[in-house]
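Working notes, beginning with the structure itself.
In the numbering used here, the protein residues as written are 16 to 468.
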């Protein structure tokens, strides 16, 4: 038998000489998993007497990278990676829209066209430096920030652009978006290592909560209680520190007036004018114990709802919301509307605060009560550090700090109570729909015949 002829071995990698005299080293690295096209590792060697030897060394190095699978297996850009990352993520809706907005405004315009395999610490440092320089990415060009993109006549609100840095917390959010996307790229085999681990995002800013003082809280409550339903919502926000979306989603079936406990498992999300019911922000079911005065406030609040339902000859729905703008509490309030109404109230009083700061106010009360019970000074506790509490733990009742005391100086935060006007604590209220409801009731009693009113 004739000896077997050895097979011809195919050369791996090519070295091409360009018209300039430079050498181009090209090594095949497989197919791009995104585009399906051929993917080559390319390195240019400048012309010179040692160009041939350097080109051979570069070809050997690239071949080793292919054999050890250290090379990027894709020419995909950051934009393509983000598209697939967002499509496969399971974030809550508002979180997804927030991250998409950050990516569209800050990531895609600056590094969206950069190949994933070219991302390194230098790219990240330059990217974060630009975010810290100008949040609008002006490119150091002079232009006018117009008050509206629509055709208009400029006035003092149209001013020359002034660079403002992007906040550290937002830059960290952008960092987390890229980190998650690049982790997915490593898991897919696009990259052998995550380059963002060598980046340095800005440190997390220290929390500086500035809750209203007891005197300011008293003024806010007094003004809010002109509308008892609105005053009840503000009182609940102060006492419990519950998020606005959780307050809007609270239903009467979640309130146990006998034991004085409310259960929080749902929230209301809002994006522009669109709203939806969703899970809570921390995806946890919480129970909060209420003090006796808050229970009384809620009892009176429910009595007012039942009175409204009686006026319109309707029974309260079994899934009625605690806070609503409809007579039978069948719909929830919009979180943005709640924040705007509270901000308008604070502005009228000349108090610089927001609805979210009431969460820190509630945490302050809880810390003061703890310090008082164990006989320690308030400075022992970091009263503004965290207002969430431990999972499954009931928040301590804090409303007793606000009840009138024989010795007001004994209360480290002052004396405050609900500004309910009447002797029995029930405010009489006339609703805008009352005259119309009376007409409807009269028509119903007359058998639907037309009557003069």
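Using N, Cα and C, we set each Cβ at its ideal position, and we do this for glycine too.
Next on the checklist: Tell me the DSSP secondary structure of residue 277 in three-state form.
Outcome noted: Secondary structure at residue 277: strand, using DSSP grouped into helix, strand and coil.
Checklist entry - What number of angstroms, rounded off, separates the C-alpha of residue 199 from the C-alpha of residue 80? => result Going by the C-alpha atoms only, they are around 21 Å apart.
Checklist entry - Assuming residue 313 and residue 270 make a contact with CB atoms under 8 Å, what is their CB distance in whole Å? => result Sure, about 6 Å apart at Cβ, within 8 Å.
Next on the checklist: Can you tell me whether residue 388 is helix, strand or coil according to DSSP?
Outcome noted: Any reading at residue 388 is ruled out, since the residue's pLDDT is 48, under 50, leaving its predicted position unreliable.
Checklist entry - Just the Cα atoms here: how many angstroms apart are residue 2 and residue 57? => result Outside the displayed span of the chain (16 to 468) sits residue 2, for which this structure offers no information.
Item to check | Unbroken stretches of the alpha helix (DSSP H), 4 residues or longer, contained in the region 156-214 | outcome: You should have 183-203.
Next on the checklist: For residue 477, tell me which candidate among 245, 354, 238, 334 has the shortest Cα-Cα distance.
Outcome noted: It is not possible to answer for residue 477, since the shown part of the chain is limited to 16 through 468.
Next on the checklist: Please identify the residue among 366, 100, 169, 253 whose C-alpha is closest to the C-alpha of residue 197.
Outcome noted: Scanning 366, 100, 169, 253 for the CA closest to the CA of residue 197 turns up 100.
Checklist entry - For residue 291, which of helix, strand or coil comes out of DSSP? => result Strand at residue 291.
Checklist entry - Can you find a heavy atom of the ligand FAD that lies under 8 Å from the Cβ of residue 325? => result Ligands are entirely absent from the displayed structure, and the ligand FAD is therefore not among its contents.
Next on the checklist: Starting from residue 56, trace the beta strand (DSSP E) in both directions and tell me its first and last residue.
Outcome noted: Under the DSSP assignment, residue 56 falls in the beta strand (DSSP E) whose first and last residues are 53-60.
Item to check | DSSP-derived helix/strand/coil call for residue 353 | outcome: Per DSSP, reduced to three states, the secondary structure at residue 353 is helical.
Checklist entry - How close, in whole Å, do the beta carbons of residue 78 and residue 27 come, if the pair is a contact with beta carbons under 8 Å? => result Cβ atoms of residue 78 and residue 27 come within 8 Å of each other, at about 6 Å.
Item to check | Integer Cβ distance of residue 279 from residue 254, believed to fall under 8 Å | outcome: Not really, about 14 Å apart at Cβ, beyond 8 Å.
Item to check | Length of the line joining the Cα atoms of residue 223 and residue 305 | outcome: Between the C-alpha atoms of residue 223 and residue 305 there is a straight-line separation of about 27 Å.
Checklist entry - What is the rounded straight-line gap between the Cα of residue 281 and the Cα of residue 374? => result Spanning the two alpha carbons is a distance of roughly 18 Å.
Checklist entry - At which residues does the beta strand (DSSP E) containing residue 302 begin and terminate? => result 301-304 is the span of the beta strand (DSSP E), which, as asked, contains residue 302.
Checklist entry - Rounded to a whole number of angstroms, what is the C-alpha to C-alpha distance between residue 24 and residue 145? => result Interpretation of residue 24 is limited by its pLDDT of 39, a score under 50 that renders its predicted location unreliable; no figure is taken from the coordinates.
Item to check | Per-residue burial, residue 437 [other beta carbons within 10 Å of its own, 16 or more giving buried] | outcome: Low confidence applies here, because residue 437 scores a pLDDT of 40, under 50, leaving its location unreliable and the question unanswered by this model.
Next on the checklist: Between residue 350 and residue 283, how many whole angstroms is the CB-CB distance? I'm expecting something under 8 Å.
Outcome noted: About 6 Å; that satisfies the 8 Å criterion.
Next on the checklist: Do residue 122 and residue 192 have their beta-carbon atoms positioned less than 9 Å apart in this structure?
Outcome noted: Cβ atoms of residue 192 and residue 122: closer than 9 Å.
Item to check | Closest Cα partner of residue 173 within the set 92, 321, 347, 159 | outcome: Of 92, 321, 347, 159, the residue nearest in Cα terms is 159.
Checklist entry - Is it true that the CB of residue 164 sits closer than 9 Å to the CB of residue 376? => result No, the Cβ-Cβ distance between residue 376 and residue 164 is not below 9 Å.
Item to check | Closest residue to residue 288 among 302, 322, 348 (Cα-Cα distance) | outcome: The residue among 302, 322, 348 with its C-alpha nearest the C-alpha of residue 288 is 348.
Item to check | According to DSSP, residues forming a beta bridge with residue 336 | outcome: According to DSSP, residue pairing for residue 336 in a beta bridge involves 266.
Item to check | Nonlocal neighbours in the same chain, by C-beta distance under 6 Å from residue 245, ignoring five residues either side | outcome: Only 239 meet the Cβ criterion.
Item to check | N- and C-terminal bounds of the beta strand (DSSP E) containing residue 29 | outcome: Where residue 29 is concerned, the enclosing beta strand (DSSP E) stretches over 29-32.
Next on the checklist: Using the three-state DSSP reduction, which class does residue 126 fall into: helix, strand or coil?
Outcome noted: Residue 126 falls in the helix class under three-state DSSP.
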